[in-house]
Amino acid sequence: MSKINPEELTLKDKVVHINRVAKVVKGGRRFSFSALVVVGDENGCIGFGKGKATEVPEAIRKATEHAKKNLIRFPLRNSTIPHEVLGHFGAETIIMKPASSGTGVIAGGPVRAMMEVSGVQNVLCKSIGSGNPFNVVRATVEGLLMLRKPEDVIKVREGKVEADSSAGEKG
Numbered sequence: 214m215s216k217i218n219p220e221e222l223t224l225k226d227k228v229v230h231i232n233r234v235a236k237v238v239k240g241g242r243r244f245s246f247s248a249l250v251v252v253g254d255e256n257g258c259i260g261f262g263k264g265k266a267t268e269v270p271e272a273i274r275k276a277t278e279h280a281k282k283n284l285i286r287f288p289l290r291n292s293t294i295p296h297e298v299l300g301h302f303g304a305e306t307i308i309m310k311p312a313s314s315g316t317g318v319i320a321g322g323p324v325r326a327m328m329e330v331s332g333v334q335n336v337l338c339k340s341i342g343s344g345n346p347f348n349v350v351r352a353t354v355e356g357l358l359m360l361r362k363p364e365d366v367i368k369v370r371e372g373k374v375e376a377d378s379s380a381g382e383k384g
């Protein structure tokens with residue numbers, strides 16, 4: 214899989230989650246912020262990033278930069294996903310199903326943000342498990358990476374059928 218150049222795309226970003234974290238030191242607590250951001254070109258390309266800084270805008274900027282460096286591409290079919298898929302990461306499982314035109318994005322929280330920036334307009338999603346936004350995003354990406362174009366599946370299946378039939382003729 215070739216690396217996607219973010220400069221060639223017009224990317225839209227969305228903040229999924231901001232969390233205040235604390236480091237306990239001798240003099241008390243030091244607070245900082247972590248941000249989770251997703252970016253997408255609204256045409257089947259998506260990336261996510263995590264940034265941490267003492268100020269919220271700086272954390273968001275870092276997360277956006279990280280997201281642009283980790284872009285993936287997945288197939289779209291008529292503004293939905295080509296087939297049902299299951300994404301799993303940690304204690305989180307995401308079920309994504311294609312939906313007919315006019316259904317809209319039926320998904321919760323982080324998954325909804327990801328679908329909107331990636332260009333998926335009709336999809337049914339269910340999040341099962343931890344609910345931690347970081348794990349939800351990772352599980353969704355794992356699921357999207359498993360998506361295949363129908364043409365690719367047909368080619369693979371035809372290749373296996375031909376290989377099986379030719380093996381039977383020899384014996």
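Quick note on my numbering: the sequence shown kicks off at 214 and runs consecutively. All residues carry an ideal CB built from backbone N, CA and C; glycine is no exception. Remember, it's a predicted structure, so these values are computed and weren't measured experimentally.
Option in the options with minimal Cα separation from residue i
| i | options | result |
| --- | --- | --- |
| V353 | V324, F246, N291 and I367 | Per the sequence presented here, residue 353 reads as Thr, with Val not at that position. Answer by Cα proximity: V324. |
| D365 | F261, L224, G253 and F287 | F287 |
| R361 | P311, Q334, T316 and G317 | P311 |
| K265 | A248, E371 and V333 | A248 |
| V350 | K275, M328 and K368 | M328 |
| F261 | E355, K225 and H279 | H279 |
| H301 | R274, A276, E221 and K339 | K339 |
| K281 | T223, G317, T267 and H296 | T223 |
| G315 | P295, V333 and G253 | V333 |
| T306 | E221, E355, D254 and F246 | E355 |
| S343 | G372, V318, S313 and G303 | G303 |
Cutoff 9 Å: residue i Cβ touching any chain B Cβ
| i | result |
| --- | --- |
| Q334 | Here there is only one protein chain, and chain B is not present. |
8 Å contact criterion, which residue i and residue j should meet: CB distance rounded
| i | j | result |
| --- | --- | --- |
| V336 | A320 | 7 Å |
| I308 | L358 | In fact, because the Cβ distance is near 15 Å, the residues do not count as touching under 8 Å. |
| K225 | E255 | 6 Å |
Residues that DSSP places opposite residue i in a beta bridge
| i | result |
| --- | --- |
| K368 | The partner list for K368 (beta bridge, DSSP) is empty, contrary to what the question assumes. |
| S247 | N232 and K265 |
| V179 | As shown, the chain starts at 214 and ends at 384. That puts residue 179 outside it, with no answer to give. |
| K216 | DSSP, once it has assigned bridges, lists no residue as partnering K216. |
| E305 | F302 and G342 |
| K227 | V251 |
| I285 | I259 |
| T293 | R290 |
Classification of residue i by the beta-carbon crowding that lies within 10 angstroms, buried from 16 upward
| i | result |
| --- | --- |
| N439 | One cannot answer for residue 439 here, as it falls past the ends of the chain, which runs 214 to 384. |
| A376 | Only weak support is given to the placement of A376: the predicted model assigns it a pLDDT of 49, under 50, and the value that follows is read from those uncertain coordinates. Label assigned to A376: exposed. |
| V238 | exposed |
| V369 | exposed |
| I367 | exposed |
At least 3 beta-carbon pairs within less than 8 Å: the region 228 to 236 vs the region 290 to 310: The count of Cβ pairs closer than 8 Å, one atom from the region 228 to 236 and one from the region 290 to 310, stays below three, leaving the stretches out of contact.
Any 3 or more C-beta pairs closer than 8 Å across the region 217 to 225 and the region 236 to 246: no
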